[in-house]
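Letter by letter, the sequence shown follows residues 367 to 615 in our numbering.
Glycine residues also receive a C-beta, built at the ideal position from the N, C-alpha and C atoms.
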Amino acid sequence: MSSLSKDADAFKRVLHRQDYSSWHSQPAANVNTQLVFAVDYLKSTPNPMRLQDIAIVTNAPLDTDVILLEKFKSHDRIQYDPKTDLYSYRHDFNFRNKAALLTEIQRQTRKGGGIPVRALKESWKEAPQAIEELEKEGEVLVTRTVKDGQLRMVFWNEIKPDEESGGNAVEKEFLDLWHQLKVPNDVDLLKALASEGLQATAAEAPIPKAPSTTKKKGKRSVPRQRQVKITNVHLRGEIDLSRDYQSTK
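1) Can you tell me whether DSSP reads L555 as helix, strand or coil?
2) Taking 8 Å as the cut-off, does the region 475–487 touch the region 504–522 (at least 3 CB pairs, one atom from each stretch)?
3) Below 8 Å on the Cβ atoms is my guess for P427 versus Y453; work out the distance and round it to an integer in Å.
4) Counting beta carbon pairs with one atom in the region 513–521 and one in the region 489–498, are three or more of them shorter than 8 Å?
5) Let me know if A485 comes out buried or exposed under the rule of 16 or more other beta-carbons within 10 Å of its beta-carbon.
6) Mind checking which residues open and close the beta strand (DSSP E) that includes T411?
7) Compute the beta-carbon to beta-carbon distance between L417 and D431, rounded to the nearest angstrom, for a pair I have assumed lies under 8 Å.
8) Pull up the distance between the alpha-carbon of L541 and that of K548, whole angstroms please.
9) Among V512, W490 and L564, which one has its Cα closest to the Cα of F461?
10) Considering only the beta carbon of each residue, do W544 and T475 sit closer than 9 Å?
11) Please report the distance separating the alpha-carbon of D554 from that of I525.
12) Distance, Cα to Cα, F403 vs A466?
13) What's the gap between the Cα of I433 and the Cα of Q400?
14) Using DSSP's beta-bridge definition, name the partner residues of L452.
15) Give me, in chain order, the residues of the same chain whose beta-carbon lies closer than 7 Å to that of H457; leave out the 5 immediate sequence neighbours on both sides.
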């Protein structure tokens, strides 16, 4: 069985597991779904392909459906070479070997950043293995995920010992001595500083916040009515003290 036939069988098995019950009732969705499959397959293959081969592998009528073909050609990730009549996927990076990979990492690092390993893997499937080899050679620095230690970002190692720069690798004896050093506890550290005439830097005291002058918004309080205390109790029953009286002349 040829490589193209194997790819076609594998892709058709994936198609068989999908639910396309609504395709006939939604022609636009049918075209867009076929477009996604065609673009994704071309993304997964490193070599340019003929339109007829893409149609066979993905079971998409690219060679007969005018609308689908127009969408496929106008896709921002699809490249067409009229000289060879072949289609290819435009990756973010274009390399196919370790040397070209290192050149790309150096270019991106000089711009001030690293490269996600996932993006490099999409351009070249062997990129993670090549990055690990470059790491062992001291050419790159990598960061890994905390959970499972997978490669995450890669940077060019600009500072490394070589004959041109005159640098030398740190001897193992020095590294062992360095790692054997223990950081003293707080009490011993203060004593050591005091013996050298030094003192620990005081932590910056937090600036107290000024008391807020704004009153909290809420329900307006209703003023209480003061009760009048009646002291002339000996007049009770003879004069109505709740009334105001005006003197009459």
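From the atom records:
1) Taking the first residue of the sequence shown as 1, we reach residue 555 at position 189. DSSP places L555 in helix when its eight states are reduced to three.
2) The region 504–522 vs the region 475–487: in contact.
3) If you number the sequence shown from 1, residue 427 lands on position 61. If you number the sequence shown from 1, residue 453 lands on position 87. The beta carbons of P427 and Y453 sit about 15 Å from each other, so the pair does not count as a contact at 8 Å.
4) yes
5) Start at 1 with the first residue of the sequence shown, and residue 485 comes out as number 119. Classified as exposed, A485 has fewer than 16 neighbouring CB atoms from the shown chains inside 10 Å of its CB.
6) Here residue 411 refers to the residue found at position 45 of the sequence shown. It is not in any beta strand (DSSP E) - T411 carries neither H nor E in the DSSP assignment.
7) Walking along the sequence shown from the start, residue 417 turns up at place 51. Walking along the sequence shown from the start, residue 431 turns up at place 65. About 11 Å separates the two Cβ atoms, so there is no contact after all.
8) Here the question's residue 541 lines up with position 175 in the sequence shown. Here the question's residue 548 lines up with position 182 in the sequence shown. Their Cα atoms are separated by approximately 14 Å.
9) For the purposes of this step, residue 461 is taken as residue 95 along the sequence shown, with counting starting at 1. Distance check between F461 and each of V512, W490 and L564 places W490 closest, using alpha-carbon atoms only.
10) The residue labelled residue 544 in the question sits at position 178 within the sequence shown. The residue labelled residue 475 in the question sits at position 109 within the sequence shown. No, they are not a contact pair.
11) For the purposes of this step, residue 554 is taken as the residue at position 188 of the sequence shown. For the purposes of this step, residue 525 is taken as the residue at position 159 of the sequence shown. Cα to Cα, the separation comes out at about 36 Å.
12) As a working note, residue 403 is residue 37 in the sequence shown. As a working note, residue 466 is residue 100 in the sequence shown. Approximately 29 Å, taken between the alpha carbons.
13) Here the question's residue 433 lines up with position 67 in the sequence shown. Here the question's residue 400 lines up with position 34 in the sequence shown. Cα to Cα, I433 sits roughly 11 Å from Q400.
14) Taking the first residue of the sequence shown as position 1, residue 452 is located at position 86. The partner list for L452 (beta bridge, DSSP) reads D447.
15) Counting from 1 along the sequence shown, the entry for residue 457 is found at position 91. Exclusion of the five residues before and after H457 leaves E488 and S489 as the residues of its chain whose Cβ lies within less than 7 Å of its Cβ.
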